[in-house]
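Numbering (this note's numbering), first residue to last: 1007 to 1406. Glycine residues also receive a C-beta, built at the ideal position from the N, C-alpha and C atoms. Down below is the structure, laid out as structure tokens.
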Ligand code: PLP
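So, in structure tokens, the structure goes:
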């Protein structure tokens, strides 16, 4: 079944008065009507949807949004939380309650890297950092104590891509079964990591999922079993810390997820067109997974969902910080983009990675990952006349 059909089949919920949209349910507590029902809930005996207890656990709007998100990622369930970082920390803390070994890509969002490098080792968790697309290295680092492997589907910001299909096959051959956690923030719909062997898919919902840059959120897409662990009354990370996304934001996310397929197709189509034009100009190196020159292009083609394209993010290597600053400033002055972090907005957002969203990564790792001083990450929006924009980009680059 294709993704849009899965979304369509996700449970239809009408508003309280028959509204075509669901209602918002801003209640922190819910009556169970019968006292024995409450006792059963505390005993973990009642699982059917509709039995709500307390707003820190989940509420009608979080459940509705989670079900739609699960349809998108093809997981059993999904749980909306208050940020992407919460999705990451909660998941990691649950899996590594009593320590263990984590293999993580070293080319990940700077905040995730800082958490893994600076915080987790103090909590009895050993970390090995790998190149995101080097399966041999990942396998070399993985041992019987490895509880999880953490990768971004398009690494931030060089857009390297792990070959999950091969990784899963090799792990199986070796009888190893670490949880594969994928951060799919850059590429919702472009990949369905669950179908490629991932166990848990994480998102910063702040980005493409919501698409409006108006609130911060995250998603944990997983099995019922893992969500039950997270919700355990006695040691569940979600249960005990309470980062559930609030009803109003959950409702907004639910609304906006319905347009995700249309938005992603448009982001991707525009990014592809711009990329090919700028690549032909041969002035600066363009990084985009859709280019045949991309080092992982072959494995990308085996893994992605072609109907959604190669995603809305590209990068240009302008070689020096000064060039990058000149480029970003000109783009902003000519109304092409906003110099802002984040991504997945309808306007184009761009930032110089090394001095912003990757600045937490240590100098040696940046060198190993070939993170250039002049790398500008572009999240291409879908507003404005693309032909006109391409001409402007072309002229700006020509003058640098
Ligand atoms: N993962 C990726 C790939 C990101 O780019 C970000 C944020 O920029 C995060 C996770 C963290 O998400 P949030 O800012 O919603 O906490």
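Asked, Found
"Unbroken alpha helix (DSSP H) run spanning residue 1308, endpoints", "1303-1309"
"CA nearest to the CA of residue 1248, picked from 1203, 1171, 1237, 1373", "1237"
"Beta-carbon proximity of residue 1344 to residue 1335, cut-off 9 Å", "no"
"Residue 1189: first and last residue of the uninterrupted alpha helix (DSSP H) it sits in", "No alpha helix (DSSP H) contains residue 1189, which is instead part of the beta strand (DSSP E) from 1185-1189."
"Within 9 Å, strictly: CB atoms of residue 1158 and residue 1191", "yes"
"Distance, residue 1013 Cα to residue 1264 Cα", "8 Å"
"Residue of 1026, 1260, 1057 minimising C-alpha distance to residue 1039", "1057"
"N- and C-terminal bounds of the beta strand (DSSP E) containing residue 1227", "1224-1228"
"DSSP three-state assignment for residue 1276, whether helix, strand or coil", "helix"
"Check: residue 1141 C-beta below 8 Å from any heavy atom of the ligand PLP", "no"
"Heavy atom of the ligand PLP within 8 Å of residue 1369 beta-carbon", "no"
"DSSP-derived helix/strand/coil call for residue 1252", "coil"
"Best match in 1234, 1299, 1009, 1254 for proximity to residue 1245 [C-alpha to C-alpha]", "1234"
"Distance cut-off 8 Å: residue 1218 Cβ against heavy atoms of the ligand PLP", "no"
"Test item: CB-CB of residue 1226 and residue 1097 under 9 Å", "yes"
"Alpha-carbon spacing of residue 1231 relative to residue 1304, whole angstroms", "34 Å"
"heavy atom of the ligand PLP below 8 Å from residue 1345 C-beta", "no"
"Assigned secondary structure, residue 1032 (DSSP; H/G/I helix, E/B strand, else coil)", "coil"
"Nonlocal neighbours in the same chain, by C-beta distance under 8 Å from residue 1204, ignoring five residues either side", "1170, 1186, 1187, 1188"
"Burial state of residue 1055 (16 or more Cβ within 10 Å)", "For residue 1055, the pLDDT reaches just 46, beneath the cut-off of 50, and the residue's location in the model is therefore unreliable, leaving the point undetermined."
"Residues sharing a beta bridge with residue 1107, DSSP", "1132, 1152"
"Which of helix, strand or coil DSSP assigns to residue 1295", "coil"
"Opposing strand residues paired with residue 1085 [DSSP bridges]", "1226"
"Validate contact between the region 1385-1403 and the region 1273-1283 using beta carbons, cut 8 Å, 3 pairs", "yes"
"Check whether residue 1101 and residue 1153 have beta carbons under 9 Å apart", "yes"
"Length of the line joining the Cα atoms of residue 1059 and residue 1047", "8 Å"
"Three-way DSSP call (helix, strand, coil) for residue 1137 in this model", "coil"
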